[in-house]
Each structure stands twice: as C-alpha cells, then as structure tokens.
Amino acid sequence: MSTRILVAEDNADLRDLLQEVLDDAGYETILAEDGRQATVWIEREQEMIDLVITDVRMPSVTGEELLAAMRQRRAEAPVIVITAFGSVEQAVEMVRAGAFQYLTKPFNNRDLLAVVAEALARSEAQRAQARLRMDYSAPARIIGASRPMQKLFEQIAVSANSPGTVLITGESGTGKELVARAIHEGSRRRGAFVPVNCAAIPGDLIEAELFGHTGSAFTGARQARTGLIEAADKGTLFLDEIGELPMTMQPKLLRALQEGAVRPVGANTERPVSLRVVAATNRDLEKDVREGRFREDLYWRLNVIHLRVPPLRERAYDIPLLVEHFIAKACDGAAREPLDVSLESLAILTAYVWPGNVRELENAIERAVAFARGGKVLPEDLPERLRTSGEVSALIARSSEQNLTLRDVECEYILEIMRRTGGNKLRAAQILGLDRKTLYRKLDEYRARGLKEF
Ligand SMILES: Nc1ncnc2c1ncn2[C@@H]1O[C@H](COP(=O)(O)OP(=O)(O)OP(=O)(O)O)[C@@H](O)[C@H]1O
Ligand SMILES: [Mg+2]
Numbered sequence: 002m003s004t005r006i007l008v009a010e011d012n013a014d015l016r017d018l019l020q021e022v023l024d025d026a027g028y029e030t031i032l033a034e035d036g037r038q039a040t041v042w043i044e045r046e047q048e049m050i051d052l053v054i055t056d057v058r059m060p061s062v063t064g065e066e067l068l069a070a071m072r073q074r075r076a077e078a079p080v081i082v083i084t085a086f087g088s089v090e091q092a093v094e095m096v097r098a099g100a101f102q103y104l105t106k107p108f109n110n111r112d113l114l115a116v117v118a119e120a121l122a123r124s125e126a127q128r129a130q131a132r133l134r135m136d137y138s139a140p141a142r143i144i145g146a147s148r149p150m151q152k153l154f155e156q157i158a159v160s161a162n163s164p165g166t167v168l169i170t171g172e173s174g175t176g177k178e179l180v181a182r183a184i185h186e187g188s189r190r191r192g193a194f195v196p197v198n199c200a201a202i203p204g205d206l207i208e209a210e211l212f213g214h215t216g217s218a219f220t221g222a223r224q225a226r227t228g229l230i231e232a233a234d235k236g237t238l239f240l241d242e243i244g245e246l247p248m249t250m251q252p253k254l255l256r257a258l259q260e261g262a263v264r265p266v267g268a269n270t271e272r273p274v275s276l277r278v279v280a281a282t283n284r285d286l287e288k289d290v291r292e293g294r295f296r297e298d299l300y301w302r303l304n305v306i307h308l309r310v311p312p313l314r315e316r317a318y319d320i321p322l323l324v325e326h327f328i329a330k331a332c333d334g335a336a337r338e339p340l341d342v343s344l345e346s347l348a349i350l351t352a353y354v355w356p357g358n359v360r361e362l363e364n365a366i367e368r369a370v371a372f373a374r375g376g377k378v379l380p381e382d383l384p385e386r387l388r389t390s391g392e393v394s395a396l397i398a399r400s401s402e403q404n405l406t407l408r409d410v411e412c413e414y415i416l417e418i419m420r421r422t423g424g425n426k427l428r429a430a431q432i433l434g435l436d437r438k439t440l441y442r443k444l445d446e447y448r449a450r451g452l453k454e455f
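2 is the number of the first residue of the sequence shown in the numbering used here; add one for each residue after it.
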C-alpha cells in the first residue's frame, strides 16, 4: 500500500508543484484547494491519510485548525507546515502545537522530500513501538518454587538491574522467552520488548528486517521501514535462537551492538540506538564457536551475563504448581469453571520426564482441559504417552481422590521420593529441586503431623 499525503494549499501553482514532486517520489497525493476541503478529506478518509502538508493561511479553515483536527483524529500522522515569510510566527506556533516541522517558501524539492521521509520514518517507528507494546506487555509470570528456579529468579533480578548483555541458554520449551521478558520488565526500560526470531527470518531479508531500509534501498522497497533493532530503542532487543543467525550477519550485528547505532540498508548515515540486548539459544554456542559456526567475538559480546534455565526434569517439584497454573489458564481461556486435577493424573504428570519441558506440559494440560468432562482432569484425559511411560506412584494412584489438597499431594510426593532414594536427603532434595533446608523443614512439618517415616 502506498503512502498517502494530503496537500492543503490554496495557491494552485504551488499545489501542482507539490503534487508533481510527491508523485515522482512515489507518494500518492490527495489535493485540497482550501482548508474546508482538507477538513472534509480528513473527516472522510482519516484512516487513509499518512501525512498532511498544509499551508498556514488559507481561506475558510486555517492550517492551525487543520492541525487541530488532525491531532484529534489521527494523532500519529505527522503534519508538515509550509509557510510564507509573513506567517513564520504562526508556523512556529504550529510546531509547538504538534506539527512535525515547517518549511519556508520557497523551499527546494530535496528539502521537502527529506522532511517528508523523516516524518514518515518517525511515525512508523512510533506505530511499531505502539504495536509492540500492545502485543507484548503481558506480565512475565514465571512459576517456580524449586531451588533451581529460585536461584534463576535471583539471577533475573540481578541481570535486570545491569546493562550487560544476557545470554539465556536452556532446552526447548524451558521458558527462555519468559525469562527474557522478565528481565525487560524488571529493567524498567521505557521502550518496547522486541523479540526477533533469528531462525524464522529468511537469510536474504534478515539485514533489512534488523536494520530497516530506505525507500529506494532495493527493488520492491517503495517505502522506508524502521528495523527491529531501532524499534527496540530504549527497550530490550530479544534475539531468540541467536545460534541460527547467518555468519554473514554476525559482524554487522556485533558492530551495531558495539557502536550503539544502526545504518538502515541504503542509508548513508547511522542512527543511534539505546539498546538492552538479551539473546537466547538452545544450542551449545561454545561448541559452535569451536567448530567455526559462530563468531567468537560476537559470542563474548553476548555472553556477559549467562543464565541457564533448568529443564523440567531437574525440578519436578514445580510440576504440581505448573499444572495448577496451566489448568487455571486453560479454563480461563475457555471461559470454564476452574477444574480440579485428580491425584492419579497429578501422579502421572509428575512422574513423566517431559522432553519438551514446560511447553509440552502446557500443551498436555490444554488438551486435557478440553477433554475433561466432569469437574476433574482424569488420567484418561491425558495424552497416551504420559500414561504408558514412567512409573506412576502406586501410593498416590491408590489414594482416595477426595479431600486431598495440593499440599497433601506434595507431601505424598516428597515421601515417595524419599523412599525411592532410600532416605538419602541430599539425593532426594536434588531430585525434588529443593534445597536441603526446605526439605528438612518439610519433613519436620510432616513429623509434626504424625508422619514419622523419615
Ligand atoms: N516457569 C514457567 N511458568 C509459567 N509458564 C511457563 C514457564 N516456563 C515456560 N512457560 C510457558 O511455556 C511455554 C514455552 O516457554 P518459552 O516460549 O519461554 O520457552 P523457550 O525456552 O523460549 O522455548 P524454545 O527454545 O522452544 O523457543 C510458554 O507458553 C511459556 O509461557
Ligand atoms: Mg523461545
């Protein structure tokens, strides 16, 4: 879709000239002979107008009134003022009132086009930011009570307050993106969180996507575009699957990070950006560096702070909490009454090793909630592979399904692990993802309740 510019100018010669220059530059123009006509256009076609060029003094409705109408309806569309020598003061006033810039007559065509391009680039950047803010402002709710997760939360808080680049590693589906968002939120940077999936952008487009391009950078690029790096200005750039970034792009990215500036494709000047960079990968980047698949200099630039998100099998203790969380989320999404989970189901869920980590668990729960007919998630609602793999704690499976709270299940589960490790608290704490003190405290609690097994 081409860019539409509304031109409000009562002088016919100047109006024609403007139309010619803008048409030649590839813009579509809508012409208005005076302020009233322009107002009609604004009322009728406000969604279609990307920019307004207006004279100050016009019959019927003045440029100032036009600006006010535009700011009311399309605040994000820039207004450029052209002014004769006699009305410069009013033009300055209009810039104060929100016009992008003013040009004094006579102006040369190049200046005009430069101002138009600049105004469009800025409004595009603002729109990109607004879009991103809308799409990505969901609070990062990371569930985890296990010791490895508590440690991770500490590291997140520390990294959020430091400007250094963070490299997040972890298996697929462990929550790396969630961690990245939490770092952004904790950092209180005002800009947007901009996720970029380096594996998803085709190799020949990646430079233009990251750095943006000018209107004439290549065939097919009719309109200038702000790159993703610039959209993350004053915010956080999240480079997901950084291990997949093509070798040819790596020095360019490194340069942008070091200089804090981007040069859009086709542009000859750089634009400064204030960036916080968080990168993530499920690959062994150090190995990639050794084997020449990833540049060592970029690796060190990214790996200032390293966070490892532990796989779910190292924190089975978190599974009941996650199950509860995802059931609530799925029921909420489907506008259903919150469901319970049967003990047997919970036992199956905690015994499974989850190669797909939290994402696989979330999918299994979503599916189970969709299948559940009664008020509870039952084993038959769970995916087949879960039911047939792993041992299900016989004790929990046999337990009466009534009147047991999550706390009771936790107790059963902890005692079961204690039994399986032959009472080895150190080993049990490791499997449960608990620190030893917490395990001791819980065992004390159980003893106080009359469970004297350990
Ligand atoms: N600790 C957690 N608490 C709540 N939800 C979580 C947690 N960890 C992951 N999730 C959810 O699991 C899903 C996968 O998480 P995410 O996309 O962050 O994983 P990832 O590590 O980036 O995976 P991949 O390597 O496949 O890109 C998301 O829906 C996320 O909200
Ligand atoms: Mg991810």
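For every residue, glycine included, the Cβ atom is placed at its ideal position computed from N, Cα and C. Since this is a predicted model, take the numbers as computed values, not measurements.
Item to check | Complete runs of the alpha helix (DSSP H) confined to the stretch 311-341 [at least 4 residues] | outcome: 320-334
Next on the checklist: With a threshold of 8 Å, are at least 3 pairs of Cβ atoms found where one atom belongs to the stretch 29-46 and the other to the stretch 3-14?
Outcome noted: yes
Checklist entry - Would you say L238 touches ligand 1, meaning its beta carbon is less than 6 Å from a heavy atom? => result Translated into the one-based positions of the sequence shown, residue 238 becomes position 237. L238 Cβ: outside cutoff for every heavy atom of ligand 1.
Checklist entry - Taking just the CA atoms, how far does F219 sit from S124? => result Position 123 of the sequence shown holds residue 124. Position 218 of the sequence shown holds residue 219. S124 and F219: Cα-Cα distance of roughly 22 Å.
Checklist entry - Since G187 and A209 are thought to touch, with beta carbons under 8 Å apart, how far apart are those beta carbons, to the nearest angstrom? => result Your numbering for residue 187 matches position 186 in the sequence shown. Your numbering for residue 209 matches position 208 in the sequence shown. Contact flag wrong, Cβ pair sits at about 32 Å.
Checklist entry - Distance, Cα to Cα, F108 vs I243? => result The count along the sequence shown starts at 1 and reaches residue 108 at position 107. The count along the sequence shown starts at 1 and reaches residue 243 at position 242. Roughly 47 Å between the two C-alpha positions.
Next on the checklist: In whole angstroms, give me the CA-to-CA distance for P311 and A225.
Outcome noted: Mapped onto the sequence shown, residue 311 falls at position 310. Mapped onto the sequence shown, residue 225 falls at position 224. Computed Cα separation, rounded: 42 Å.
Checklist entry - Where does the unbroken alpha helix (DSSP H) through E411 begin, and where does it stop? => result The residue labelled residue 411 in the question sits at position 410 within the sequence shown. Going by DSSP, E411 is part of the alpha helix (DSSP H) stretching over L407 to R421.
Checklist entry - Touch check for the stretch 187-197 and the stretch 339-351: three-plus C-beta pairs under 8 Å? => result No, they do not touch.
Checklist entry - Is the Cβ-Cβ distance between A233 and V195 less than 7 Å? => result One-based indexing of the sequence shown puts residue 233 at position 232. One-based indexing of the sequence shown puts residue 195 at position 194. Yes.
Item to check | For ligand 2, residues whose Cβ lies under 6 Å from any non-hydrogen atom | outcome: K177, E178 and D241
Next on the checklist: Can you give me the C-alpha to C-alpha distance between A139 and R272, rounded to a whole angstrom?
Outcome noted: Counted from its first residue, the sequence shown places residue 139 at position 138. Counted from its first residue, the sequence shown places residue 272 at position 271. Residue placement at A139 is flagged as unreliable, the pLDDT there being 34, under the threshold of 50; the coordinate-derived value follows with that caveat. So the alpha carbons of these two residues sit roughly 29 Å apart.
Checklist entry - For the alpha helix (DSSP H) that Y300 lies in, which residues bound it at each end? => result Within the sequence shown, numbered from 1, the residue matching residue 300 stands at position 299. Run containing Y300: E297 to L303, per the alpha helix (DSSP H) assignment.
Next on the checklist: Measuring straight from C-alpha to C-alpha, what distance separates V82 and D333?
Outcome noted: The residue you call residue 82 lines up with position 81 of the sequence shown. The residue you call residue 333 lines up with position 332 of the sequence shown. About 51 Å.
Checklist entry - Where does L104 sit, in a helix, a strand or coil, going by DSSP? => result The residue given as residue 104 occupies position 103 in the sequence shown. Secondary structure at L104: strand, using DSSP grouped into helix, strand and coil.
Next on the checklist: Alpha carbons only, please: which of A76, V41 and I50 is nearest the one belonging to S61?
Outcome noted: Within the sequence shown, the letter at position 60 stands for residue 61. Checked all of A76, V41 and I50; the closest Cα to S61 is V41.
Checklist entry - Where F435 and A352 are concerned, what is the direct C-alpha to C-alpha distance, given to the nearest angstrom? => result Along the sequence shown, read from residue 1 onward, the residue named residue 435 stands at position 434. Along the sequence shown, read from residue 1 onward, the residue named residue 352 stands at position 351. The displayed chain sequence assigns Leu, not Phe, to residue 435. Looking at the two C-alpha atoms, the distance is approximately 17 Å.
Item to check | Cα-Cα separation, R361 to G174 | outcome: Working through the sequence shown from its first residue, we reach residue 361 at position 360. Working through the sequence shown from its first residue, we reach residue 174 at position 173. In the sequence under discussion, the amino acid at residue 361 is Glu, which differs from the Arg named in the question. Taking the straight line joining both Cα atoms gives about 7 Å.
Next on the checklist: Mapping the DSSP letters down to three states, classify G451 as helix, strand or coil.
Outcome noted: Looking up residue 451 in the sequence shown gives position 450. Reduced to three states, the DSSP call for G451 is coil.
Next on the checklist: Between L323 and V359, how many whole angstroms is the CB-CB distance? I'm expecting something under 8 Å.
Outcome noted: Position 322 of the sequence shown, counted from the first residue, corresponds to residue 323. Position 358 of the sequence shown, counted from the first residue, corresponds to residue 359. That pair is a contact at about 6 Å.
Checklist entry - Distance, Cα to Cα, I474 vs V370? => result Since the first and last residues shown for the chain are 2 and 455, residue 474 lies out of range.
Next on the checklist: Shorter than 6 Å, the distance from the beta carbon of N283 to the closest heavy atom of ligand 3, or not?
Outcome noted: This structure lacks ligand 3; the ligands present are ligand 1 and ligand 2.
Checklist entry - Is DSSP giving L68 helix, strand or coil here? => result If you number the sequence shown from 1, residue 68 lands on position 67. Of the three classes helix, strand and coil, the one that applies to L68 here is helix, per DSSP.
Checklist entry - How close, in whole Å, do the beta carbons of G213 and P265 come, if the pair is a contact with beta carbons under 8 Å? => result Against the sequence shown, residue 213 aligns to sequence position 212. Against the sequence shown, residue 265 aligns to sequence position 264. Sure, about 4 Å apart at Cβ, within 8 Å.
Item to check | Straight-line Cα distance separating R58 from S88 | outcome: To locate residue 88, count along the sequence shown from 1; it is residue 87. To locate residue 58, count along the sequence shown from 1; it is residue 57. Taking the straight line joining both Cα atoms gives about 8 Å.
Item to check | Local conformation of E21 per DSSP, three classes | outcome: Within the sequence shown, numbered from 1, the residue matching residue 21 stands at position 20. Here E21 sits in helix by DSSP.
Checklist entry - Hey, would you say L433 sits closer than 7 Å to I418, going by beta carbons? => result Taking the sequence shown and counting its residues from 1, the one referred to as residue 433 is at position 432. Taking the sequence shown and counting its residues from 1, the one referred to as residue 418 is at position 417. Yes.
Next on the checklist: I'd like to confirm the pairing. Which residues does DSSP put opposite E29 in its beta bridges?
Outcome noted: Counting from one through the sequence shown, the residue named residue 29 turns up at place 28. Answer is R5.
Checklist entry - Any chance the CB of E363 is under 6 Å from a heavy atom of ligand 1? => result What you label residue 363 is simply residue 362 of the sequence shown in a count that begins at 1. If you check the C-beta of E363 against ligand 1, you find a heavy atom less than 6 Å away.
Item to check | Under the three-state DSSP convention, the category V82 falls into | outcome: Residue numbering aside, residue 82 sits at position 81 when the sequence shown is read from its first letter. Correct three-state label for V82: strand.
Checklist entry - According to DSSP, is V53 helix, strand or coil? => result Sequence index remark: in the sequence shown, residue 53 carries index 52 (1-based). DSSP places V53 in strand when its eight states are reduced to three.
Item to check | Inter-residue spacing [alpha-carbon to alpha-carbon] between D24 and T30 | outcome: To locate residue 24, count along the sequence shown from 1; it is residue 23. To locate residue 30, count along the sequence shown from 1; it is residue 29. C-alpha of D24 to C-alpha of T30: approximately 7 Å in a straight line.
Checklist entry - In the structure shown, what three-state DSSP assignment does V370 receive? => result For the purposes of this step, residue 370 is taken as the residue at position 369 of the sequence shown. In this structure, V370 counts as helix in the three-state DSSP scheme.
Item to check | Distance CB(H307)-CB(L168) smaller than 7 Å | outcome: Sequence index remark: in the sequence shown, residue 307 carries index 306 (1-based). Sequence index remark: in the sequence shown, residue 168 carries index 167 (1-based). Cβ distance < 7 Å, so H307 and L168 count as in contact.
Item to check | Beta-carbon contacts of E415 that lie in its chain and below 7 Å, excluding the five residues immediately before and after | outcome: On the sequence shown, residue 415 is found 414 positions in, with the first residue counted as 1. The identity of residue 415 in the sequence shown is Ile, whereas the question assumes Glu. Excluding five sequence positions before and after I415, the CB atoms of its chain that fall closer than 7 Å to its own CB belong to L433 and K443, given in chain order.
Checklist entry - What residue range is occupied by the uninterrupted beta strand (DSSP E) comprising R277? => result Along the sequence shown, one-based indexing puts residue 277 at 276. Its beta strand (DSSP E) spans residues R277 to T282.
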